[in-house]
Amino acid sequence: MSKIPLQFRHNGRDVAIFVDGGTNLLVALRELIGDMTPKFGCGQGGCGTCSVLIDGELHLSCLTLAETVAGRAVETLDGMKQGPNLHPLQRAFADNFAAQCGYCTPGMLMAAKALLDRNPSPSRDEVIEAISGNICRCTGYEPIINAILAAAGGRVSA
Amino acid sequence: MAVTVKTFASASEAAGALSSDRSARYLGGGTLVMRALNEGDVSISTVVRAQDQALTRIDASGPRITLGAGVTFARVLAERDLGFLHAPARSIGGPAVRNMGTVGGNLFAPNPYGDFTVALLALDATVAVAGGFGSRDIPIEEFLQARDRQAGALVLSISCTRPASTEAFRYRKIARIKPKGGSVITLAAHLPISGGRIAGARIALGSMAPTQIRARAAERALDGRSLDAATIAAAASAVTEGTSPSDNALGSAWYRREIVGVHLRRLLSGQE
């Protein structure tokens, strides 16, 4: 079966790859582009660890047909750090012990970024709603919620 | 296994491709079809897409509203004129699923999903479907009864009449995890009031049968009566009639039968 050419913006950089028909965006990012930050969890849309932003909107990359992002902008955790510095959300996750095993962290950070990009000072309930599609089996969520609120409030160490 | 992806500019071309190929599935938001592909569903060899703007149109200005099949739940939530559909839209998935999942796809979502369709069934929605034969309008109840045979048809849009008041339409999803979780049961009630009495009640249930169903015995208990405690009790005790729930990880069939009356009573009496 012939390969399909695909071009899109990946963390601000133009990329061009060839994908098989039916390839999902998670496989395209990890295996064809080498961006290992979005993780494979369930492949069913239940866990959220493959979350990425497509044109600024939170999507599950495992349920996104790769060729549907042609010409669009895909952001992953790999593009979050600002030069040598961590993004305030990443700093807040470190400061607040919001990552334990770390497997959910890429998806949590993208879900949190999707929230703060639209709503810079969310309530606690809005934070809970924003990460409701992301499962964490280690932390019990409280440190993650606190980290996102700390990043939103600017209460993050330099 | 790689599949063939066919992308069309118009919905009618996509409908033609879908109706002529039994192994073709239409890709909407991806939450059902991509999941099936990820699980290695070999019954799908062709994925059909349409980039037709008509499929993502919302007409919410008048008394009858129409949602293109490709309208996402996030867009329903962003539309102030669709306030009566916000509770069912918000009850689905997390933000990412709501950015992807569509009202058309929800018609095909098996238990424990398909909550938006429960609301549309209570609202007596009409489903516009295109097949090899052209397009036609089907009442949602008829569509759901024949859902297994609808795979070759493409849903274009769904329309329904706006409820007369916020009191006239009620929705409740019971999930074990809040704010997100699959449905243990889902209930929706449309209660038009005429001269102080209910006229044309529609009660719809999710996860109480293989597809979303109406609780006709409960509807009969409500019709022609005022919404008082005795009427609500009669409807609640009749609600399991005609249901055939299954066991799954979220709850047993027995448990579903036990709680559906309790939650209908709470829904009808306006309790949280």
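Taken in order, these protein sequences are the chains called A and B. Just so we're aligned, residue 1 is where the first sequence starts under this note's numbering, counting upward by one. Just so we're aligned, residue 159 is where the second sequence starts under this note's numbering, counting upward by one. Glycine included, every Cβ here is placed at the ideal spot set by N, Cα and C.
Identify, in the order they occur along the chain, each residue of the same chain with its Cβ nearer than 6 Å to the Cβ of residue i, setting aside the five sequence neighbours on each side.
i: F301 of chain B; result: V285
i: A73 of chain A; result: R9 and D55
i: A151 of chain A; result: P88, L89 and A92
i: G187 of chain B; result: M258, G259, T260 and G263
i: L240 of chain B; result: A218 and V234
i: L47 of chain A; result: At residue 47 of chain A the sequence reads Cys, which differs from the Leu that was named. G41 and I135, listed in sequence order.
i: S402 of chain B; result: A367
i: A245 of chain B; result: Y329
i: S384 of chain B; result: G354 and R355
i: F166 of chain B; result: A172 and A208
i: R372 of chain B; result: A362
i: F242 of chain B; result: P321 and F327
For residue i and residue j, I'd like the C-alpha separation in whole angstroms.
i: A280 of chain B; j: L265 of chain B; result: 13 Å
i: A347 of chain B; j: F327 of chain B; result: 6 Å
i: L60 of chain A; j: R222 of chain B; result: 33 Å
i: F231 of chain B; j: Q308 of chain B; result: 22 Å
i: Y271 of chain B; j: V255 of chain B; result: 12 Å
i: C62 of chain A; j: G364 of chain B; result: 27 Å
i: E197 of chain B; j: G45 of chain A; result: 12 Å
i: V234 of chain B; j: I250 of chain B; result: 12 Å
i: L422 of chain B; j: L345 of chain B; result: 7 Å
i: I33 of chain A; j: G102 of chain A; result: 22 Å
i: G140 of chain A; j: S404 of chain B; result: 31 Å
i: A277 of chain B; j: R320 of chain B; result: 12 Å
i: G351 of chain B; j: R248 of chain B; result: Per the sequence shown, the amino acid found at residue 351 of chain B is Ile instead of Gly. Straight-line Cα distance between these residues: approximately 26 Å.
i: K113 of chain A; j: M36 of chain A; result: 18 Å
i: A130 of chain A; j: P38 of chain A; result: 18 Å
i: G310 of chain B; j: K336 of chain B; result: 36 Å
i: I356 of chain B; j: S427 of chain B; result: 14 Å
i: M160 of chain A; j: V52 of chain A; result: Residue 160 of chain A is absent from the structure shown; chain A starts at 1 and stops at 158.
i: K331 of chain B; j: D14 of chain A; result: 43 Å
i: T105 of chain A; j: A393 of chain B; result: 47 Å
i: V418 of chain B; j: I343 of chain B; result: 7 Å
i: L425 of chain B; j: I390 of chain B; result: 9 Å
i: Q82 of chain A; j: P120 of chain A; result: 18 Å
i: T224 of chain B; j: I298 of chain B; result: 13 Å
i: D125 of chain A; j: S132 of chain A; result: 10 Å
Just to make sure I have the definition right: I need the residues of chain A whose C-beta is within less than 7 Å of the C-beta of residue i. Which are they?
i: V161 of chain B; result: G21 and G22
i: M258 of chain B; result: H59, L60 and L63
Can you list, in chain order, the residues of its chain with a C-beta nearer than 7 Å to that of residue i? Leave out the 5 residues immediately preceding and following it.
i: A169 of chain B; result: A208, D210, A212, L213, A288, L312 and L314
i: V69 of chain A; result: F8, L25 and I54
i: R294 of chain B; result: V287
i: C50 of chain A; result: L26, P38, K39, F40, G41, L60, S61, C62 and G107
i: R334 of chain B; result: V342 and L408
i: E377 of chain B; result: A359, R360 and I361
How would you list, in chain order, the residues of chain B whose beta-carbon sits under 8 Å from the beta-carbon of residue i?
i: I128 of chain A; result: P337
i: G43 of chain A; result: R193, N196 and E197
i: S51 of chain A; result: A254
i: G56 of chain A; result: Here the premise fails: no neighbours, minimum Cβ distance about 10 Å.
i: A151 of chain A; result: Going along chain B, no residue has its Cβ under 8 Å from A151 of chain A, so there is no contact; the nearest lies around 17 Å.
i: G48 of chain A; result: G252 and A254
Apart from the five residues on each side of it in sequence, which residues of its chain come closer than 8 Å, Cβ to Cβ, to residue i?
i: Q303 of chain B; result: T369
i: L116 of chain A; result: L89, P122, I148, A151 and A152
i: N146 of chain A; result: N96 and A98
i: L6 of chain A; result: A16, I17, F18, V19, A28, A66, E67, V69 and A70
i: R305 of chain B; result: L265, F266 and T369
i: G174 of chain B; result: G290
i: T162 of chain B; result: S203, T204 and V205
Residues of chain A with CB closer than 9 Å to the CB of residue i, please, in chain order.
i: V205 of chain B; result: G21, G22 and L65
Please compile the residues from chain B whose C-beta is within a distance smaller than 7 Å of the C-beta of residue i.
i: G71 of chain A; result: Under the 7 Å cutoff, chain B gives no residues; its nearest Cβ is about 12 Å from G71 of chain A.
Could you check whether the Cβ of residue i sits closer than 8 Å to any Cβ belonging to chain C?
i: G259 of chain B; result: Among the chains of the structure shown, chain C does not appear; the protein chains present are A and B.
Return the chain-ordered ranges of every beta strand (DSSP E) run that is complete within the region 262–308 of chain B and spans a minimum of 3 residues. 284–289 and 292–297
Going along the region 179–192 of chain B in order, which residues come within less than 7 Å of chain A, judged by CB to CB distance? L185, G188, T189 and M192
Could you name the residues of the region 129–142 of chain A whose beta carbon sits closer than 8 Å to any beta carbon of chain B, in the order they occur along the chain? E129, A130, I131, S132, G133 and N134
Under 8 Å, CB to CB, which of the residues in the region 27–39 of chain A have a partner in chain B? none
Hey, which unbroken runs of the beta strand (DSSP E) at 3 residues or more fall wholly within the region 34–122 of chain A? 51–54, 57–60 and 73–75
Tell me which residues of the region 228–262 of chain B have at least one Cβ-Cβ distance to chain A shorter than 9 Å, keeping chain order. A232, R248, G251, G252, P253, A254, V255, R256, N257, M258 and G259
Pull out every residue of the region 79–111 of chain A whose Cβ sits closer than 8 Å to any Cβ of chain B, in chain order. A111
Taking a Cβ distance cut-off of 9 Å, strictly less, list which residues of the region 111–123 of chain A are near chain B, in chain order. A111, A114 and L115
Going along the chain, which unbroken runs of the beta strand (DSSP E) with 3 or more residues stay wholly within the region 327–406 of chain B? 327–333, 341–348 and 360–364
Go through the region 167–215 of chain B residue by residue and report every complete run of the alpha helix (DSSP H) that reaches 4 residues or more, in order. 169–177 and 191–196
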